[in-house]
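For the sequence shown, our numbering gives the first residue as -15, with consecutive numbering after it.
Let me begin by presenting the structure, written as structure tokens, before commenting on it.
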Amino acid sequence: EHYSESISRGSYDDFKRKEIDLLLSDSIVVPGFVERSAVNDSRSGYAICPTHIEAIRQFGTSDWDDAVESLLSGKISLRQQLDTKRDISMISISLPGGLELSFTPGRHNALQKAIIEQFLPRYGYACEVLYVGDSSDKYLYLNRETLSKLNFPEPSHKELPDIIAFSEQKGWIYLIESVTSFGEISQIRKLELERITTNCTYPIIFVTAFPDRSTYRKYCANLAWETEVWIASDPDHLIHLNGPKFLGPYIK
């Protein structure tokens, strides 16, 4: 009659799930009590909460706004209850330039922290981090300006490695994969990275990083030649997969 809705008499359960349950959760309506009634008793019903009735009666009058404000004062809304934020301890990461980033917790991001704070200071030759992503934000940090100067293509998170860094001192670009469950630089992955960096003005170093030796052992048979391996549990050592030099790009 008032809301231009046509609800059939057999629509009780559907209407309750879609409409009444939300009103119940927000204490706008309350169950109508029928002595010894079952949940599906045909006599059961619902009534507007008395505190809301007083406010509703003011609708259309000059007291409406004050009535709503009084009703909502100190009340936690259903939206606030449903949108309760998780209390997550973030992983803090310091980039070489001093910038602080916050990552969501997890093994993958813990390894990325180790790469930035332990690997790059040891083997990065004053590297600047140009890109690093997070599981909840694939473009958490992206230096588009410097990447463009290096002729790096427009980034797509489906193609990017986990970390991109650049050593101006050596003139090297580091493409680093952080591997805890998948994503090692295999021959196919190396070929993909070479294709997207064809026009880069500096040579590339490919690095696969693992948290520990046991994880490394799971993937070592798949790793591409002419790449580097770093294991966070043994930060002072590198595994060099063939080539004429210990650490350096391969000029073709």
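Backbone N, C-alpha and C define an ideal beta-carbon position, used for all residues, glycine too.
If you're wondering where the values come from, they're calculated on a predicted model, not measured in any experiment.
Close beta carbons around residue i, own chain, < 7 angstroms, minus the five adjacent residues each side
i: serine 76; result: Glu84 and Ser86
i: glutamate 168; result: Glu161, Thr192, Tyr203, Asn206 and Leu207
i: leucine 7; result: Val13
Backbone CA spacing between residue i and residue j [nearest angstrom]
i: tyrosine 123; j: histidine 36; result: 46 angstroms
i: leucine 62; j: glutamate 38; result: 20 angstroms
i: serine 217; j: serine 11; result: 54 angstroms
i: glycine 81; j: glutamate 112; result: 7 angstroms
i: isoleucine 223; j: valine 191; result: 10 angstroms
i: aspartate 146; j: isoleucine 60; result: 41 angstroms
i: alanine 149; j: tyrosine 200; result: 22 angstroms
i: proline 219; j: proline 139; result: 29 angstroms
i: glycine 117; j: tryptophan 214; result: 19 angstroms
i: serine 78; j: glycine 90; result: 17 angstroms
i: glutamine 42; j: serine 57; result: 17 angstroms
i: aspartate 121; j: alanine 31; result: 46 angstroms
i: aspartate 49; j: leucine 104; result: 60 angstroms
i: glycine 44; j: glutamate 53; result: 15 angstroms
Cβ-based burial, residue i [other Cβ within 10 Å; buried from 16]
i: serine 165; result: exposed
i: histidine 92; result: buried
i: glutamine 171; result: exposed
i: glycine 155; result: exposed
i: arginine 173; result: buried
i: glutamine 153; result: exposed
Residue i: CB within 8 angstroms of a non-hydrogen atom of the ligand COA
i: leucine 131; result: This structure lacks the ligand COA; in fact it carries no ligand of any kind.
Beta carbon proximity, residue i to chain B, threshold 9 angstroms
i: isoleucine 147; result: As a matter of chain content, chain B is missing from the structure shown, which is built from one protein chain.
Own chain, CB closer than 6 angstroms to residue i, minus 5 neighbours either side, in chain order
i: leucine 126; result: Tyr115
i: threonine 211; result: Ile169, Phe190 and Leu225
i: alanine 98; result: Ala216
i: leucine 177; result: Leu159
Cβ shell of residue i (< 8 angstroms), same chain only, five flanking positions each side left out
i: isoleucine 235; result: Pro187
i: cysteine 288; result: Limits of the chain in this structure are -15 at one end and 236 at the other, which puts residue 288 out of reach.
Identity of the residues DSSP links to residue i by a beta bridge
i: phenylalanine 194; result: Ile215
i: valine 163; result: Looking at the DSSP assignment, valine 163 forms no beta bridge with any residue, so it has no partner.
i: valine 113; result: Ala149
i: tyrosine 125; result: Val116
**Cβ contact check for the region 126 to 137 and the region 177 to 187: 3 or more pairs under 8 angstroms** = yes
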